[in-house]
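Presented below is the structure to which this report refers.
2 protein chains.
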Amino acid sequence: MKWNSAFIHTLREAPAEAEITSHQLLIRAGLARKLTAGVYSLLPPGLRVLRNIEKIIREEMNNAGAVEVLLPALQPVELWKRGPRYEAARHVMYNAQSASRRTTEVDTVLGPTHEEVITELVAGWLSSYRQLPFTLYQIQTKFRDEIRPRFGLMRGREFIMKDAYSFDTNSEAATRSYQAMYEAYERIFRRMGIDAIPVEADTGVMGGNFSHEFVVPCVVGESEIAITEDGSYAAAIEKAVSVPHPRQNTAASAMGKFPTPGCVTICDLETHHGIPAKDQIKTLVYIADGKNVIFLLRGDHELNEAKAIACGFRELRPAGPEEIFNIMNCPIGSLGALKPLSQNISLVIADNCLRDQNGMVTGANIEGYHVRNVSVSRDLHVDEFRDLRKALVGEIHPETNQPLQITRAIELGHVFKLGTKYSESLGARFLDSQGRSHAAYMGCYGIGVTRCLQAIIELHHDAEGICWPVSVAPWQVSLLLFDESLREVAENIEEQLEAHGITVLLDDRPERPGVKLKDADLVGMPVRLTVGEKSLKAGGVELKLRRSKNSIIVPIDQILNAISEMLSFSNA
Amino acid sequence: MKWNSAFIHTLREAPAEAEITSHQLLIRAGLARKLTAGVYSLLPPGLRVLRNIEKIIREEMNNAGAVEVLLPALQPVELWKRGPRYEAARHVMYNAQSASRRTTEVDTVLGPTHEEVITELVAGWLSSYRQLPFTLYQIQTKFRDEIRPRFGLMRGREFIMKDAYSFDTNSEAATRSYQAMYEAYERIFRRMGIDAIPVEADTGVMGGNFSHEFVVPCVVGESEIAITEDGSYAAAIEKAVSVPHPRQNTAASAMGKFPTPGCVTICDLETHHGIPAKDQIKTLVYIADGKNVIFLLRGDHELNEAKAIACGFRELRPAGPEEIFNIMNCPIGSLGALKPLSQNISLVIADNCLRDQNGMVTGANIEGYHVRNVSVSRDLHVDEFRDLRKALVGEIHPETNQPLQITRAIELGHVFKLGTKYSESLGARFLDSQGRSHAAYMGCYGIGVTRCLQAIIELHHDAEGICWPVSVAPWQVSLLLFDESLREVAENIEEQLEAHGITVLLDDRPERPGVKLKDADLVGMPVRLTVGEKSLKAGGVELKLRRSKNSIIVPIDQILNAISEMLSFSNA
Numbered sequence: 002m003k004w005n006s007a008f009i010h011t012l013r014e015a016p017a018e019a020e021i022t023s024h025q026l027l028i029r030a031g032l033a034r035k036l037t038a039g040v041y042s043l044l045p046p047g048l049r050v051l052r053n054i055e056k057i058i059r060e061e062m063n064n065a066g067a068v069e070v071l072l073p074a075l076q077p078v079e080l081w082k083r084g085p086r087y088e089a090a091r092h093v094m095y096n097a098q099s100a101s102r103r104t105t106e107v108d109t110v111l112g113p114t115h116e117e118v119i120t121e122l123v124a125g126w127l128s129s130y131r132q133l134p135f136t137l138y139q140i141q142t143k144f145r146d147e148i149r150p151r152f153g154l155m156r157g158r159e160f161i162m163k164d165a166y167s168f169d170t171n172s173e174a175a176t177r178s179y180q181a182m183y184e185a186y187e188r189i190f191r192r193m194g195i196d197a198i199p200v201e202a203d204t205g206v207m208g209g210n211f212s213h214e215f216v217v218p219c220v221v222g223e224s225e226i227a228i229t230e231d232g233s234y235a236a237a238i239e240k241a242v243s244v245p246h247p248r249q250n251t252a253a254s255a256m257g258k259f260p261t262p263g264c265v266t267i268c269d270l271e272t273h274h275g276i277p278a279k280d281q282i283k284t285l286v287y288i289a290d291g292k293n294v295i296f297l298l299r300g301d302h303e304l305n306e307a308k309a310i311a312c313g314f315r316e317l318r319p320a321g322p323e324e325i326f327n328i329m330n331c332p333i334g335s336l337g338a339l340k341p342l343s344q345n346i347s348l349v350i351a352d353n354c355l356r357d358q359n360g361m362v363t364g365a366n367i368e369g370y371h372v373r374n375v376s377v378s379r380d381l382h383v384d385e386f387r388d389l390r391k392a393l394v395g396e397i398h399p400e401t402n403q404p405l406q407i408t409r410a411i412e413l414g415h416v417f418k419l420g421t422k423y424s425e426s427l428g429a430r431f432l433d434s435q436g437r438s439h440a441a442y443m444g445c446y447g448i449g450v451t452r453c454l455q456a457i458i459e460l461h462h463d464a465e466g467i468c469w470p471v472s473v474a475p476w477q478v479s480l481l482l483f484d485e486s487l488r489e490v491a492e493n494i495e496e497q498l499e500a501h502g503i504t505v506l507l508d509d510r511p512e513r514p515g516v517k518l519k520d521a522d523l524v525g526m527p528v529r530l531t532v533g534e535k536s537l538k539a540g541g542v543e544l545k546l547r548r549s550k551n552s553i554i555v556p557i558d559q560i561l562n563a564i565s566e567m568l569s570f571s572n573a
Numbered sequence: 002m003k004w005n006s007a008f009i010h011t012l013r014e015a016p017a018e019a020e021i022t023s024h025q026l027l028i029r030a031g032l033a034r035k036l037t038a039g040v041y042s043l044l045p046p047g048l049r050v051l052r053n054i055e056k057i058i059r060e061e062m063n064n065a066g067a068v069e070v071l072l073p074a075l076q077p078v079e080l081w082k083r084g085p086r087y088e089a090a091r092h093v094m095y096n097a098q099s100a101s102r103r104t105t106e107v108d109t110v111l112g113p114t115h116e117e118v119i120t121e122l123v124a125g126w127l128s129s130y131r132q133l134p135f136t137l138y139q140i141q142t143k144f145r146d147e148i149r150p151r152f153g154l155m156r157g158r159e160f161i162m163k164d165a166y167s168f169d170t171n172s173e174a175a176t177r178s179y180q181a182m183y184e185a186y187e188r189i190f191r192r193m194g195i196d197a198i199p200v201e202a203d204t205g206v207m208g209g210n211f212s213h214e215f216v217v218p219c220v221v222g223e224s225e226i227a228i229t230e231d232g233s234y235a236a237a238i239e240k241a242v243s244v245p246h247p248r249q250n251t252a253a254s255a256m257g258k259f260p261t262p263g264c265v266t267i268c269d270l271e272t273h274h275g276i277p278a279k280d281q282i283k284t285l286v287y288i289a290d291g292k293n294v295i296f297l298l299r300g301d302h303e304l305n306e307a308k309a310i311a312c313g314f315r316e317l318r319p320a321g322p323e324e325i326f327n328i329m330n331c332p333i334g335s336l337g338a339l340k341p342l343s344q345n346i347s348l349v350i351a352d353n354c355l356r357d358q359n360g361m362v363t364g365a366n367i368e369g370y371h372v373r374n375v376s377v378s379r380d381l382h383v384d385e386f387r388d389l390r391k392a393l394v395g396e397i398h399p400e401t402n403q404p405l406q407i408t409r410a411i412e413l414g415h416v417f418k419l420g421t422k423y424s425e426s427l428g429a430r431f432l433d434s435q436g437r438s439h440a441a442y443m444g445c446y447g448i449g450v451t452r453c454l455q456a457i458i459e460l461h462h463d464a465e466g467i468c469w470p471v472s473v474a475p476w477q478v479s480l481l482l483f484d485e486s487l488r489e490v491a492e493n494i495e496e497q498l499e500a501h502g503i504t505v506l507l508d509d510r511p512e513r514p515g516v517k518l519k520d521a522d523l524v525g526m527p528v529r530l531t532v533g534e535k536s537l538k539a540g541g542v543e544l545k546l547r548r549s550k551n552s553i554i555v556p557i558d559q560i561l562n563a564i565s566e567m568l569s570f571s572n573a
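From first to last, the protein sequence lines are chains A and B. Each number in the working numbering corresponds to the 1-based position in the first sequence with 1 added. Each number in the working numbering corresponds to the 1-based position in the second sequence with 1 added.
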């Protein structure tokens with residue numbers, strides 16, 4: 002294919018808003034162009050990469066026995082309301098509202114995902130255990146009302162996902178389906194050139210039994226993961242298990258109020274009163290399912306909201322400063338869960354680390370005062386103790402006995418064992434061999450397809466541009482014509498390679514060699530061939546791998562062999 | 002592929018709402034399933050057909066030199082407002098509204114089409130005539146707020162379209178691009194097994210110079226076309242040209258009012274007063290771009306709204322009875338454009354057929370009265386004469402001298418020569434070789450991809466089910482296993498055919514032969530093979546074409562040859 006028919010428009014400068022390299026290269030190499038916040042057009046070279054990614058996903062999903070369908074983006078709200086998570090998910094959804102028949106009633110949303118639709122679809126024909134198991138998947142456009150879309154295709158409002166859904170007769174069978182998808186994901190990411198790490202993940206809004214995220218470490222990732230140095234343990238931060246740094250407990254002694262004017266944070270008390278964070282109690286007021294709930298943690302710990310939700314709530318959020326004042330009659334810096342507790346509080350949950358601790362400091366519920374020598378069991382109102390805290394850097398993972406590192410990561414895939422949450426509420430049931438009715442056991446499995454496209458750039462680039470893995474490259478070979486008089490030579494090479502299934506981008510523009518070399522490096526095809534007087538005098542065509550600094554001269558009649566070999570080597 | 006892994010769920014009965022055969026078969030053969038009004042999930046066999054259709058379109062678009070991109074569904078309203086047709090198009094658009102950040106301001110819509118987006122995209126890099134011509138296309142999901150979605154995939158709210166956009170330096174070049182797409186469309190429809198008729202069409206809301214629709218006659222079609230018996234002339238009814246039935250004009254004589262109580266239609270006056278429709282004047286009050294406009298036609302003619310708009314309006318609609326009374330101070334049955342005209346009327350446009358006519362009858366603008374012996378030039382206020390009327394069945398087409406038939410049709414494709422309407426307003430400009438700036442000449446070209454899927458069913462079925470053309474069939478061969486003990490024979494045939502690139506659906510379910518035969522006919526693969534004791538005793542496998550009544554026995558070692566031959570024959 003000729004450069005001009007490929008419709009590539011490279012840019013010297015990236016737009017100012019492109020904060021990360023992959024976003025900059027995405028735009029500079031002419032792969033995509035922003036239409037509006039979080040919404041991108043894919044241009045021909047970008048679309049070619051996307052199709053290569055889709056092909057890999059499709060092949061591996063089909064090999065794993067999954068069957069492809071195509072579900073709609075427009076989804077009735079009524080269906081979401083019958084499902085188990087409308088309230089938790091609605092804040093990320095767009096309403097599709099008729100422009101002409103405007104009503105206040107919303108009846109249609111744009112699907113951010115398809116658990117409800119597929120479960121209802123399957124409910125329509127599932128009747129017998131003989132029909133199980135099966136896994137359906139699609140590659141389809143999703144919409145998500147991201148408040149702050151960023152980083153190009155990494156966090157968009159419109160994006161392409163592969164989503165799959167498995168249906169099984171029981172939990173063990175569902176685990177097998179989960180495992181098959183897990184293994185397919187390992188192959189998919191490997192084939193794309195992505196070293197994805199599977200980490201234990203929280204099931205969050207999706208609900209369900211267990212899940213893994215497939216992530217790659219990246220400073221701008223949205224997720225945090227905890228990982229041991231040797232990688233033998235890795236988990237999403239919400240899920241990570243670790244041994245807290247120990248605290249030396251003391252004997253109980255008499256509690257005493259003391260003035261702390263201007264001290265409103267853990268850090269203030271540490272600095273101005275010399276009270277170590279681990280001797281303080283953090284009092285967090287939340288609104289959980291409409292009720293006022295207090296979470297208590299050691300001052301050096303942070304609340305893991307996923308664990309907080311797992312205490313049995315559907316949704317929660319921190320109370321605002323005004324709300325807190327109304328609830329506790331005290332400003333945010335002096336709160337404590339001291340007895341007697343305000344009638345406004347429905348529940349107090351304390352982190353396990355606080356159990357039986359004495360000699361702690363907490364707010365006195367009076368502005369500018371704290372109390373010391375607090376005995377948790379004697380002085381605080383605690384309804385239950387739970388694991389509430391986030392793992393911290395350097396804490397030891399109990400099973401591997403190794404310290405945890407915490408790093409940001411991009412989530413590229415996610416596999417969930419869902420259980421029967423959706424099938425129960427939407428009636429996807431079957432009769433077993435004894436004629437008893439059961440809800441199907443489900444799993445769901447997502448890959449951010451457009452996100453992968455950009456993640457590959459993030460993982461494979463250098464200062465000059467993108468270095469595509471062969472498997473997803475828009476073209477495998479970049480063929481530069483340096484001298485118009487040699488057009489026939491170049492076109493013959495193009496034709497010969499293409500006849501052997503090798504994709505070639507022939508840059509035959511009337512541009513200087515320097516421009517073509519720069520563009521070839523920027524767009525990043527794995528193999529570069531240059532046809533010029535100089536190379537011909539040297540005996541052939543110059544061949545250079547994008548990732549290598551060195552080039553060789555290859556006689557024209559050996560090009561096909563040389564390239565075939567290099568491509569198969571790069572693919573391995 | 003085995004029946005069960007293909008996920009086909011056939012139904013004996015179609016849903017009651019499926020009014021046309023193709024819609025019934027779409028659902029009964031398990032190709033698609035309705036999610037909500039006008040919104041369908043595509044199931045595996047339906048998706049396979051869709052992919053085959055897409056493949057044909059892609060090949061022909063690429064062969065015609067078009068380059069594929071992928072544009073977003075979410076589009077900023079601001080862009081539409083800068084473009085030339087927001088007011089005319091907004092009633093078919095969905096607003097995408099944030100569920101959580103609800104504002105009254107709409108800032109994003111779901112694209113029903115992409116002229117604005119592509120023109121702005123191109124405006125971003127188009128600078129020189131050297132970059133022209135080019136044609137970009139995509140196959141992408143569109144959203145349209147259909148008030149009354151009907152007929153399955155024929156008129157949906159979410160559907161897949163192929164849309165293409167050409168950019169040229171001038172009108173002649175644009176006509177060449179148009180012609181290339183026109184010819185690609187002819188090949189596309191032919192390869193799909195659709196005998197599409199290109200008809201001259203109105204450019205409507207799209208604006209532009211000229212256009213053709215590719216239609217197939219169908220009683221439930223949304224469009225009307227006028228066509229001569231030999232097909233040498235065909236046009237959308239909005240565009241059709243014909244010679245009106247002549248009227249014998251009379252000499253002018255004195256106008257006279259006469260009572261017509263209860264007569265409020267053309268037909269009433271014909272019946273009760275013996276006044277032929279062609280001697281009456283039809284007075285239609287419209288609201289056009291906010292002004293009150295009267296259109297006058299002969300009583301036996303109908304207003305062609307497309308021609309009315311072409312008088313220079315952006316949008317128009319008939320005034321309602323109350324509006325008419327307020328404007329004319331007279332109810333709807335007695336209107337006339339008699340002098341002196343009500344001050345409320347801004348413009349009166351009369352059809353060419355009324356020019357210089359005498360002896361006509363029109364309403365007296367007094368309830369229950371009409372006037373006779375009206376001379377159009379003497380008695381009526383007419384600002385201009387225009388061609389306003391729809392062609393009627395039996396009228397003669399002036400160039401071919403043949404009578405017109407009028408029939409309903411489904412529009413499957415549409416090609417427009419747009420001119421510079423979009424490029425002017427959105428700044429897609431280039432410099433010519435002399436450095437002068439011009440707006441690019443555009444064309445746009447659509448195919449309703451999901452609509453084609455169902456149109457093929459509408460065109461290719463019999464009482465038993467679908468008869469797919471080979472080119473789009475979900476599988477080419479339906480292989481029925483009648484006896485479990487012969488599984489190995491069947492699987493060997495399946496394997497051999499698939500190894501030669503022939504797609505096979507093996508029905509190995511534990512069902513009776515009758516069930517499998519019925520399902521094979523319903524789903525409609527072009528070739529059917531049955532493997533059973535009976536056929537083996539007869540010397541091989543029974544082979545039958547879906548469209549034929551007869552079958553033959555083919556020895557197993559000759560199946561591949563026989564089928565390859567039949568498929569290439571069917572493809573021809």
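We put the beta carbon where it would ideally sit given N, CA and C, even for glycine.
In chain order, each alpha helix (DSSP H) run of at least 4 residues that lies wholly inside the stretch 287-351 of chain A
306-310, 322-329
Less than 8 angstroms between the CB atoms is what I'm expecting for residue 443(B) and residue 424(B), so what's the real figure, rounded?
6 angstroms
Quick one: any contact between the stretch 60-80 of chain A and the stretch 177-189 of chain A, if contact means 3 or more CB pairs under 8 angstroms?
yes
Check whether the Cβ of residue 10(A) lies closer than 8 angstroms to any Cβ atom in chain B.
yes
Going along chain A in order, which residues have a C-beta closer than 8 angstroms to the C-beta of residue 126(B)?
10
So that I know if they touch, is there some Cβ in chain B lying closer than 8 angstroms to that of residue 573(A)?
Per-residue confidence for residue 573(A) stands at a pLDDT of 41, beneath the threshold of 50, marking its modelled position as unreliable; the derived number appears in the next sentence. No - not a single Cβ of chain B is within 8 angstroms of the one on residue 573(A).
So, does the stretch 456-467 of chain B touch the stretch 481-492 of chain B, judging by three or more C-beta pairs under 8 angstroms?
no
Positions along the stretch 148-164 of chain A whose CB lies within less than 8 angstroms of some CB in chain B
148, 158, 159
For residue 237(A), the residue or residues it bridges with in DSSP
226(A)
With a threshold of 6 angstroms on Cβ separation, who are the neighbours of residue 343(A) within its own chain once the five nearest residues in sequence on each side are excluded?
329
Which bits of chain B does residue 96(A) rub up against, with CB to CB less than 7 angstroms?
98, 100
At least one CB of chain B closer than 8 angstroms to the CB of residue 4(A): is that the case?
no
Residue 2(B) classed as buried or exposed, judged by whether at least 16 other C-beta atoms fall within 10 angstroms
buried
Which two residues bound the contiguous alpha helix (DSSP H) that contains residue 443(A)?
No alpha helix (DSSP H) contains residue 443(A), which is instead part of the beta strand (DSSP E) from 442-449.
Pair every Cβ in the stretch 31-44 of chain A with every Cβ in the stretch 537-555 of chain A, then say whether three or more of these pairs are closer than 8 angstroms.
no
Would the stretch 405-413 of chain B and the stretch 376-390 of chain B be scored as touching if the rule is three or more Cβ pairs under 8 angstroms?
no
Near residue 260(A), which residues of its chain fall below 8 angstroms by C-beta distance, leaving aside the five closest residues on each side in sequence?
369, 370
If you reduce the DSSP assignment to three classes, tell me which class residue 243(B) lands in.
coil
Quick one: which chain B residues come within Cβ less than 9 angstroms of residue 118(A)?
36, 42
In this structure, what does DSSP give as the bridge partners for residue 160(B)?
143(B)
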